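What follows is a single structure, written as structure tokens, with notes after it.
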Amino acid sequence: MVVVAFALLSILRPVDFGPAPIAAELRRGEAIAAKGKGIERTLLEDRVAVGRWFDGRSKRDVEEIVWLSPRMVSRWLGYLRRREGWTDAELDGRWAAARVALSGKLSFVVRLASLPRLDPLLEEDGPPGAPEEMDSIRISFAPLGAKGQPPSYEPLAATVLAHRQDREPAEALKIAWHQTAPLAPILGEEFGPPEAGEGYEFGESRSTVWLASCPLPTDLWTHPGFAVQVAGARRTRAAHFRLHPR
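If you're matching positions, the sequence shown starts at 0 in numbering that gives the first Met the number 0 and goes up one per residue.
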């Protein structure tokens, strides 16, 4: 009965970190690991790309907003349980850490980048190079109202998780945010990629990752979803998240 009640609650209140990971999402994460895909595939509907960059051959996502939702954390931990062979106690410990760190609030990982434009004739829909935006941004949150009604944004508390600078764009983007404090005790990989080098202090390619959060609005579950906005000196990015993905 308790398991059934929790499963129902996770559907009706998808923002709550309950007493155990969401079983269906754990299985989704395990299935992704079983197929040998990268752990970033577990982000699914909880990740929104907000900036792309042309690397000389194709456009790639280099800016993103990730909602650290109970569903996302459950999938991520399911992936790691399958790939790293965790015991039930290890899984329970990670989930307990998630409940301590993430319960009662909405938390987001925001990655922005400032990269050189490789093709001056190509119109970019991402960051051609705006280093000043790495130093001063405003991250805000708003529940989504009725169709056509503009969101009313409130600022989020944000701290820098990691910053990286290099001459090579690919090197500047090598930030494993899930391996940084305070997220490593929840999402950290034991068999993850090797840590990137120190980078190059005077390189023109830069990447910064923030952790942003706000107290959980008591009436959020009455809305269809919410928006996260990142405003900088040169452009504004926005990501919309649904509380009940299709």
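Beta carbons are placed, not taken as given, at the ideal position from N, Cα and C, and that holds for glycine.
These numbers come from a predicted model, not from an experiment.
Separation of residue j from residue i, as counted between CA atoms
i    : j    : result
G28  : L79  : 8 Å
G92  : L160 : 23 Å
I174 : H162 : 8 Å
T179 : G187 : 8 Å
R70  : P13  : 7 Å
E170 : S68  : 28 Å
K146 : H222 : 11 Å
G55  : E167 : 13 Å
Q148 : W66  : 23 Å
G50  : A237 : 10 Å
P192 : E203 : 24 Å
P18  : A88  : 14 Å
Buried or exposed by the 16-neighbour rule on C-beta atoms within 10 Å, applied to residue i
i    : result
F201 : exposed
Q228 : buried
T235 : exposed
E153 : exposed
F225 : buried
L7   : Below a pLDDT of 50, predicted positions are generally treated as unreliable, and L7, at 39, falls in that range; no measurement from the model is reported.
H243 : exposed
F190 : exposed
Residue j beta carbon less than 8 Å from that of residue i
i    : j    : result
I138 : G231 : no
R110 : E63  : yes
L25  : S73  : yes
V208 : V108 : yes
I38  : W75  : yes
A32  : R82  : yes
Is there contact here, the segment 85 to 104 with the segment 34 to 49, by at least three beta-carbon pairs under 8 Å? no
Validate contact between the segment 101 to 113 and the segment 208 to 218 using beta carbons, cut 8 Å, 3 pairs: yes
Completely contained beta strand (DSSP E) runs for the segment 181 to 228, where each covers 3 or more residues: 204 to 214
Ranges of the alpha helix (DSSP H) found wholly within the segment 51 to 85, counting only runs of at least 4: 69 to 83
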